[in-house]
Amino acid sequence: MSQSKADLRLFKLVMMTVVAIDSLKNLPTNAQYGSELIIFYLLATLTFFIPSALVTAELATAWPQTGGIYVWVREAFGKGAAFLIVWMQWLMAMSWYPAILSFISATLAYLVSSELAVNPLYIFVSIQVLHWGAILVVSQGLTVSSRLSSVSAVIGVIMPMLFFIALAIGWMATGHPSEMHASAVGGGSMAWSDKLRLFITLLYSLMGMEIIAAHAGDVHEPQKNFPRALLISAAIILATVIPASLAIAMVVPAKDISLISGVIDAFTAFLNAFELAWLKPLVILAVAIGSFGIFFSWFLASSRCLLLAAQDGSLPPLLQKANRKQMPIRLLMLQGVLFSLLSFAFVFLPSVNSAFWLFSAAAAQCALLYYVVIFMTAWRLRYHHRHRPRPFRVGHKPWVMSLVVVVGSASCLIAFAFGFIPPSDMNAAHILQYELWLVGLLAGGLAIGRLIYQWSQRRIAAPWLPEAQGPA
């Protein structure tokens, strides 16, 4: 096989997958479960993580072309459905970007002052700088982008999580008290409605296995390297995120866990206990680097999928242009403008925490529907393209794929229903606002996507009409 400058091999594939999923940002949310976290993670792994990894491995090896989810859905349901799924992926990403970038900004603020971390104006300005900086890096091509993902995965995700786990072991070994107390499922101080709502966030924290398939055309020996990368990535993710989440629960009381600063609060408690406070600036930088790598992996993949849809005629010609590095520069610029408008929520909403939660919840709801489509796509392609070579198959018996699809889809749909349950501490005046935000984003976003697609198809078809009606 001839190698290109952008050839992605096993190590880079693993790092890109790990950095897309293994997020320090999710640890404070996970830690709120306390000792119940292991049970909920086991449930999420069996009903969602394993099914999504299995179907992704089969789809990516059977259709190893650049575009990932767009290629799969187009084969299964046609171009219109394929555009809607990448549009949904883009909406999901656009809802999530403000949340992850605000986490990075708040983390970096601790280098100066903890008060700065909750300053709306600081958050607004800093996420603009980060987002437009990412656009500049992505425009330089896949080679630069994959290197950034690899570096951020090692320095900013794996190393901090292993350090977290080591500190937690030292904490227990030296007899420090734990804030985490064993409780049966359904016990503890957290309301059931909040546990169900948090379960969605937990599922969302395990999403992203399909992200590397967007770059399939740049992968060296994809039929062999995709299954290996997914298996290794899954093992790394589960072996780090569960113990690291429990580490936060050990040192920060559940009622005091902050969604934005929980990671730094826990690190601070550990470092102070072991007289290692001088390491705090390095830890802050590492956490920020890892979180930026997570954002960057999703940013790159969603942009490339949308570019493929544009070049397939699903978006106006104006947005189909790629630069010499084959990056969707006009789409990226449009996305930057829309992101800047969306992030004004940090200025106008009551607090940084409320804006963070709304963006996270909206992204999770969109993602759950997105994954239902992935499962349905895998099932349809298995039976409508049964003779296509599949280096990796989800079971050799037909019922195995059906079982995986049913379990994965059911977990997403049940979690989607839970997502409309408002937080137990939300007052009645804000519940309607919460529901309207979620419903409006999903229904309005999909409706806009459908209108854009229909308009693009009319623009493509229109020039042919006079010619078809003219003389032969």
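So that you can map any letter, position 277 of the sequence shown is 277 in UniProt numbering, and since no number is skipped, the others follow by simple counting.
Ideal Cβ placement from N, Cα and C applies to all residues, glycine included.
In this text the structure is predicted, and so the values were computed from the model without any measurement.
Other residues of its chain near residue i: CB distance less than 6 angstroms, five sequence neighbours each side excluded
{"i": "M207", "result": "A367"}
{"i": "A288", "result": "I104, T107, L108"}
{"i": "F164", "result": "A244, A247"}
{"i": "Q320", "result": "A310, Q311"}
{"i": "I236", "result": "V18"}
{"i": "L441", "result": "A362"}
{"i": "P471", "result": "At P471 the pLDDT is 38, less than 50, meaning the model places this residue with poor confidence and gives no usable figure here."}
{"i": "K195", "result": "none"}
{"i": "residue 474", "result": "Examination of residue 474 is not possible in this model, given that the chain is present from 1 through 472 alone."}
Run of the alpha helix (DSSP H) containing residue i, from where it starts to where it stops
{"i": "D265", "result": "262-273"}
{"i": "S233", "result": "222-251"}
{"i": "T61", "result": "50-62"}
{"i": "Q89", "result": "79-109"}
{"i": "V118", "result": "Note, V118: premise wrong, no alpha helix (DSSP H); not H, not E."}
{"i": "Q335", "result": "329-342"}
{"i": "N30", "result": "27-31"}
{"i": "P160", "result": "159-173"}
{"i": "residue 478", "result": "The requested residue 478 is not part of the displayed model; the chain covers only 1 to 472."}
{"i": "T17", "result": "10-21"}
{"i": "W298", "result": "280-309"}
{"i": "F40", "result": "37-44"}
Cα-Cα separation, residue i to residue j
{"i": "F295", "j": "Q89", "result": "14 angstroms"}
{"i": "L432", "j": "I421", "result": "11 angstroms"}
{"i": "V404", "j": "P51", "result": "5 angstroms"}
{"i": "N119", "j": "S102", "result": "11 angstroms"}
{"i": "F344", "j": "A173", "result": "46 angstroms"}
{"i": "R147", "j": "V241", "result": "23 angstroms"}
{"i": "L338", "j": "Y204", "result": "23 angstroms"}
{"i": "A415", "j": "P160", "result": "30 angstroms"}
{"i": "I200", "j": "I448", "result": "25 angstroms"}
{"i": "T268", "j": "L436", "result": "38 angstroms"}
{"i": "residue 485", "j": "I232", "result": "What is shown of the chain runs 1 to 472, which leaves residue 485 out entirely."}
{"i": "I69", "j": "V86", "result": "7 angstroms"}
{"i": "V219", "j": "L279", "result": "38 angstroms"}
{"i": "L84", "j": "L202", "result": "25 angstroms"}
{"i": "A301", "j": "A378", "result": "20 angstroms"}
{"i": "W192", "j": "L130", "result": "37 angstroms"}
{"i": "V406", "j": "I38", "result": "24 angstroms"}
{"i": "Q32", "j": "L308", "result": "40 angstroms"}
{"i": "S258", "j": "L342", "result": "23 angstroms"}
{"i": "residue 522", "j": "L162", "result": "Since the first residue of the chain shown is 1 and the last is 472, residue 522 is not available in this structure."}
{"i": "P222", "j": "A234", "result": "17 angstroms"}
{"i": "P398", "j": "L121", "result": "55 angstroms"}
{"i": "R390", "j": "L413", "result": "28 angstroms"}
{"i": "H396", "j": "S409", "result": "20 angstroms"}
{"i": "L10", "j": "S261", "result": "34 angstroms"}
{"i": "Q457", "j": "L306", "result": "16 angstroms"}
{"i": "F40", "j": "L334", "result": "39 angstroms"}
{"i": "L42", "j": "L27", "result": "16 angstroms"}
{"i": "residue 473", "j": "A443", "result": "Residue 473 lies beyond the residue range present for the chain, which begins at 1 and ends at 472; the question has no answer from this structure."}
{"i": "N272", "j": "V151", "result": "28 angstroms"}
{"i": "P253", "j": "E36", "result": "14 angstroms"}
Contact set for residue i: own chain, Cβ-Cβ below 7 angstroms, skip 5 residues either direction
{"i": "M250", "result": "A168, W171, S178, E179, M180"}
{"i": "residue 474", "result": "Only positions 1 to 472 of the chain appear in the structure, and residue 474 is not among them; the question remains open."}
{"i": "Y110", "result": "A117, I264, I284"}
{"i": "A57", "result": "F226, P227, L230, F392"}
{"i": "F270", "result": "L167, W171, V251"}
{"i": "R388", "result": "A62"}
{"i": "A53", "result": "M209, L230, A234"}
{"i": "S95", "result": "F359, A362, A363, C366, L441"}
{"i": "R330", "result": "L318, L319, K321"}
Cβ-Cβ separation, residue j to residue i (assumed contact under 8 angstroms), whole Å
{"i": "G419", "j": "R197", "result": "7 angstroms"}
{"i": "S411", "j": "F48", "result": "5 angstroms"}
{"i": "A322", "j": "P328", "result": "6 angstroms"}
{"i": "V394", "j": "V157", "result": "Going by Cβ atoms, the distance from V394 to V157 rounds to 28 angstroms, so no, they are not a contact pair."}
{"i": "T45", "j": "L238", "result": "7 angstroms"}
{"i": "G336", "j": "W132", "result": "6 angstroms"}
{"i": "R382", "j": "M401", "result": "5 angstroms"}
{"i": "G293", "j": "A417", "result": "In fact, because the Cβ distance is near 32 angstroms, the residues do not count as touching under 8 angstroms."}
{"i": "I100", "j": "K25", "result": "6 angstroms"}
Contacts around residue i, its chain only, beta-carbon distance under 8 angstroms, and the 5 residues preceding and following it disregarded
{"i": "L332", "result": "I135, V138, S139, S303"}
{"i": "F299", "result": "A93, Y97, A134, V138"}
{"i": "I155", "result": "A286, I289, G290"}
{"i": "L438", "result": "A361, A362, Q365, G419, F420"}
{"i": "L282", "result": "none"}
The ligand SAM heavy atom lying under 8 angstroms from the CB of residue i
{"i": "L13", "result": "In the structure on display, the ligand SAM does not appear, and there are no ligands present to speak of."}
Specify whether the stretch 67-84 and the stretch 443-460 touch according to this definition: at least 3 beta carbon pairs, one from each stretch, less than 8 angstroms apart.
-> yes
Any 3 or more C-beta pairs closer than 8 angstroms across the stretch 60-73 and the stretch 373-382 = yes
Can you find at least 3 beta carbon pairs, one from the stretch 58-69 and one from the stretch 221-231, that sit closer than 8 angstroms?
-> yes
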